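Protein chains in written order, with the numbering used here: chain G, 1 to 233; chain E, 234 to 466.
These notes are about the structure you will find just below.
Number of protein chains: 2
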Amino acid sequence: MNDKQTTKDRILNAAECIFADKGFDGSSLRDITTAAGVNLASVSYHFGSKNGLIEAVFARHLGPMNAARIALLDRVEEQVGEGSPAIELVLEAFIRPVVMHDLAEHGANDAFMRLMSRCLNEPPTHLEQFEHHFDALMNRFHAAFSRALPDHSPNEIFWGVHFTLGIMHHTLHVLSHLHHLPFCPSESADAQTVVERLIAYAAAGMKAQHGSGVSVNEPCGGTLSFLNSSVNL
Amino acid sequence: MNDKQTTKDRILNAAECIFADKGFDGSSLRDITTAAGVNLASVSYHFGSKNGLIEAVFARHLGPMNAARIALLDRVEEQVGEGSPAIELVLEAFIRPVVMHDLAEHGANDAFMRLMSRCLNEPPTHLEQFEHHFDALMNRFHAAFSRALPDHSPNEIFWGVHFTLGIMHHTLHVLSHLHHLPFCPSESADAQTVVERLIAYAAAGMKAQHGSGVSVNEPCGGTLSFLNSSVNL
DNA sequence: GTCTATAACTAGATAGAC
DNA sequence: GTCTATCTAGTTATAGAC
Numbered sequence: 001m002n003d004k005q006t007t008k009d010r011i012l013n014a015a016e017c018i019f020a021d022k023g024f025d026g027s028s029l030r031d032i033t034t035a036a037g038v039n040l041a042s043v044s045y046h047f048g049s050k051n052g053l054i055e056a057v058f059a060r061h062l063g064p065m066n067a068a069r070i071a072l073l074d075r076v077e078e079q080v081g082e083g084s085p086a087i088e089l090v091l092e093a094f095i096r097p098v099v100m101h102d103l104a105e106h107g108a109n110d111a112f113m114r115l116m117s118r119c120l121n122e123p124p125t126h127l128e129q130f131e132h133h134f135d136a137l138m139n140r141f142h143a144a145f146s147r148a149l150p151d152h153s154p155n156e157i158f159w160g161v162h163f164t165l166g167i168m169h170h171t172l173h174v175l176s177h178l179h180h181l182p183f184c185p186s187e188s189a190d191a192q193t194v195v196e197r198l199i200a201y202a203a204a205g206m207k208a209q210h211g212s213g214v215s216v217n218e219p220c221g222g223t224l225s226f227l228n229s230s231v232n233l
Numbered sequence: 234m235n236d237k238q239t240t241k242d243r244i245l246n247a248a249e250c251i252f253a254d255k256g257f258d259g260s261s262l263r264d265i266t267t268a269a270g271v272n273l274a275s276v277s278y279h280f281g282s283k284n285g286l287i288e289a290v291f292a293r294h295l296g297p298m299n300a301a302r303i304a305l306l307d308r309v310e311e312q313v314g315e316g317s318p319a320i321e322l323v324l325e326a327f328i329r330p331v332v333m334h335d336l337a338e339h340g341a342n343d344a345f346m347r348l349m350s351r352c353l354n355e356p357p358t359h360l361e362q363f364e365h366h367f368d369a370l371m372n373r374f375h376a377a378f379s380r381a382l383p384d385h386s387p388n389e390i391f392w393g394v395h396f397t398l399g400i401m402h403h404t405l406h407v408l409s410h411l412h413h414l415p416f417c418p419s420e421s422a423d424a425q426t427v428v429e430r431l432i433a434y435a436a437a438g439m440k441a442q443h444g445s446g447v448s449v450n451e452p453c454g455g456t457l458s459f460l461n462s463s464v465n466l
C-alpha cells in the first residue's frame, strides 16, 4: 500500500491473469506471487488457501457484473409492464454487461474476460464454490426469456437459453484471442459491435427454436434426409 | 491383452475419462493408471510422457470425427454443384458428427464429448499440440459457409462461424451434464433432436448476421438505445 | 511388456522471526 | 503484515530387475 496497490490487490490482479492463462490447477501460488512481486506466504495470510484466492478473484467481479445484468432487466420489465418484453432487450440485459465488464472497469484489461471464458470447463470441484453467484440471476432471466417467447415450450426455452450461453461464452474466448485466429478480418474487434452481432444471432436463433426438434424419426425435416445414410458419424 | 483390452487401450480409456473430469493439469498419471488397473510406468512405455498420452487420446477420435465432417460436406457440395448450398446442410455436416461421435462409436459413453467440451479452454500450451487436426477442416468449412451465405461480408461470416462453434461447444457440455442442470425438462436428452435444434438456431443466427453490427455509434438500432445510459455495465 | 523402487522436482501450507 | 525456512505430500519420469 505504498503508492501503488495493496498486497491483496496485487495478488488478485496477478492471480486473475495467471488463472486465465493456465487454469486453476495449472497455476501455482509461486507463479502468482512472483508475478505479483509479493511473498509466497502472503496468499495464506490474506486468502487462507488457494481456493480462498480463487473465490476472491471471482467474487470481486461477479457481484457487480451480475448486479448490472439484473438492473438492466429491471428496466426492461419496468418498461413493458404486464406485456411481453422484446427478446432483443432481454438478451441485451443478459449479454452486454458480461462482454463489456472488463472494458468498462479496467480499460483494455481482458484478464477477467479470459478467465470467464475458461470457467465453464474447469473441473466441477472448482466451479461449485461460486455457482451461488448465478442462481438468482438465472432464475430471473429464465422467467424473462419465457415471457419474451410465450409460445415456446419449456424445452425450447431451455435449449435456447443454453445455446445463448454458449455463444456468449465462446465470444469471450474469441475476443480475448482475436489476434491468433484464422479468417479474422481486421475490423472485428470492437466489443460494442460484437454485442450487437451476438444479440442479432441469439434473437434469431431463439425465435427459430419454436417448432424445431420435433421430428425425431425424420431427423431434419425432409430436405436434409439424404445425409442420414451410410456416412460414418 | 488377456481377454479384455490391451494395456494401451485401458490407459487411453481411463485417461479420456479422467481428463474430462479434472482437466489435464488436474489429472495425475497415478489417477489414470490406478483407474485403468495398470502400472504407473506403463504410460511412459506406451506414450513416452503425459503430453504424449494427451495427444494420443485426441488423435484416436479427432481423425475419424473430422473425416466424417469432411465426407458429409463433400456430399453436400457434390449435390449443389456450382450453386450455393443451403446453410442448414453445411451446418449439419459441421455439427452432427461432433455431437453424434460418442453415441455412434461407444453407445452411451460420453467421455470424449465431455473432453471436447473442456478443450477450448485448456491452457494454449496443451492445445497447440493438436491444433493441426482442425486446420484443413476449418478451411473447407469456412469456404462452404461463405458460399452458402454469399451476401455476407467476411466479418459476418467470421462471427457467424464463431458463434456457431460456441453453441456446438456449449451443447457438448450441456449434454454431458444434463442431469445437474436447473430448468431441464425431462424430454431434453435425445441427441438427434438436439442436433436439429442446434441447426435451427445456428441457421437462423447466421442468416441474421447480415446487416447486424453496422451501427457502432447507435448501439442497437434505436429500439434498444434506452439501455445505453447510466446503468453500470 | 510389466513391474518395483526411487530420483529429481514441485506443490500448498505453516511456524516463527521480525 | 511481511518475511525466511521448512514440512509434508504429491508430481513426472526413469533405471533396472524380471
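Note that the Cβ used here is the ideal one computed from N, Cα and C, for glycine as well.
From a predicted model like this one, the values you see are computed outputs, not experimental measurements.
With 16 other CB atoms within 10 Å as the buried threshold, where does residue i fall?
{"i": "residue 239 of chain E", "result": "exposed"}
{"i": "residue 253 of chain E", "result": "buried"}
{"i": "residue 327 of chain E", "result": "buried"}
{"i": "residue 13 of chain G", "result": "buried"}
{"i": "residue 49 of chain G", "result": "exposed"}
{"i": "residue 66 of chain G", "result": "buried"}
{"i": "residue 398 of chain E", "result": "buried"}
{"i": "residue 235 of chain G", "result": "Beyond the ends of chain G as shown, which are 1 and 233, falls residue 235 of chain G; an answer cannot be given."}
{"i": "residue 40 of chain G", "result": "exposed"}
{"i": "residue 433 of chain E", "result": "buried"}
{"i": "residue 220 of chain G", "result": "Note that residue 220 of chain G scores 41 on pLDDT, short of 50, meaning its location in the model is unreliable; the coordinates nonetheless yield the value given after this. Residue 220 of chain G is buried by the Cβ-count criterion."}
{"i": "residue 112 of chain G", "result": "buried"}
{"i": "residue 307 of chain E", "result": "exposed"}
{"i": "residue 234 of chain G", "result": "Lying before the first or after the last residue shown, residue 234 of chain G is absent from chain G, which here runs from 1 to 233."}
{"i": "residue 110 of chain G", "result": "buried"}
{"i": "residue 180 of chain G", "result": "exposed"}
{"i": "residue 61 of chain G", "result": "buried"}
Answer with yes or no whether the minimum CB distance from residue i to chain E is below 8 angstroms.
{"i": "residue 204 of chain G", "result": "yes"}
{"i": "residue 184 of chain G", "result": "yes"}
{"i": "residue 174 of chain G", "result": "yes"}
{"i": "residue 16 of chain G", "result": "no"}
{"i": "residue 219 of chain G", "result": "Only weak support is given to the placement of residue 219 of chain G: the predicted model assigns it a pLDDT of 42, under 50, and the value that follows is read from those uncertain coordinates. So yes, residue 219 of chain G belongs to the interface."}
{"i": "residue 187 of chain G", "result": "yes"}
{"i": "residue 55 of chain G", "result": "no"}
{"i": "residue 227 of chain G", "result": "Residue placement at residue 227 of chain G cannot be trusted, given a pLDDT of 46 that sits under 50; what the coordinates show is reported in the next sentence. Taking Cβ atoms only, chain E reaches closer than 8 angstroms to residue 227 of chain G, which makes this a yes."}
{"i": "residue 241 of chain G", "result": "Nothing in the structure corresponds to residue 241 of chain G, since chain G is present only between 1 and 233."}
{"i": "residue 138 of chain G", "result": "yes"}
{"i": "residue 58 of chain G", "result": "no"}
Taking only three categories from DSSP, how would you classify residue i?
{"i": "residue 425 of chain E", "result": "helix"}
{"i": "residue 5 of chain G", "result": "coil"}
{"i": "residue 74 of chain G", "result": "helix"}
{"i": "residue 154 of chain G", "result": "helix"}
{"i": "residue 17 of chain G", "result": "helix"}
{"i": "residue 31 of chain G", "result": "helix"}
{"i": "residue 97 of chain G", "result": "helix"}
{"i": "residue 418 of chain E", "result": "coil"}
{"i": "residue 37 of chain G", "result": "coil"}
{"i": "residue 321 of chain E", "result": "helix"}
{"i": "residue 110 of chain G", "result": "coil"}
{"i": "residue 58 of chain G", "result": "helix"}
{"i": "residue 258 of chain E", "result": "coil"}
{"i": "residue 126 of chain G", "result": "helix"}
{"i": "residue 146 of chain G", "result": "helix"}
{"i": "residue 83 of chain G", "result": "coil"}
{"i": "residue 275 of chain E", "result": "helix"}
{"i": "residue 176 of chain G", "result": "coil"}
{"i": "residue 402 of chain E", "result": "helix"}
{"i": "residue 443 of chain E", "result": "coil"}
{"i": "residue 117 of chain G", "result": "helix"}
{"i": "residue 63 of chain G", "result": "helix"}
{"i": "residue 438 of chain E", "result": "helix"}
{"i": "residue 285 of chain E", "result": "helix"}
Measure from the C-beta of residue i to each C-beta in chain G and report whether the shortest distance is under 8 angstroms.
{"i": "residue 311 of chain E", "result": "no"}
{"i": "residue 349 of chain E", "result": "no"}
{"i": "residue 271 of chain E", "result": "no"}
{"i": "residue 380 of chain E", "result": "no"}
{"i": "residue 318 of chain E", "result": "no"}
{"i": "residue 258 of chain E", "result": "yes"}
{"i": "residue 441 of chain E", "result": "yes"}
{"i": "residue 387 of chain E", "result": "yes"}
Report back the beta-carbon spacing between residue i and residue j to the nearest angstrom; my notes put them in contact at under 8 angstroms.
{"i": "residue 194 of chain G", "j": "residue 98 of chain G", "result": "With 8 angstroms as the limit, residue 194 of chain G and residue 98 of chain G do not qualify as a contact, their Cβ atoms being about 12 angstroms apart."}
{"i": "residue 421 of chain E", "j": "residue 158 of chain G", "result": "6 angstroms"}
{"i": "residue 438 of chain E", "j": "residue 204 of chain G", "result": "5 angstroms"}
| Does the pairing of the region 305-318 of chain E with the region 380-389 of chain E give three or more beta-carbon distances under 8 angstroms? | Result yes; three or more Cβ-Cβ pairs closer than 8 angstroms.
| query | Would you say the region 393-413 of chain E touches the region 279-297 of chain E, given that touching needs at least three Cβ pairs under 8 angstroms? | reply | With a cut-off of 8 angstroms, the region 279-297 of chain E and the region 393-413 of chain E do not count as touching, because too few Cβ pairs lie within range.
| Are three or more beta carbon pairs between the region 114-130 of chain G and the region 16-36 of chain G nearer than 8 angstroms? | Counting Cβ pairs under 8 angstroms, three or more are found: they touch.
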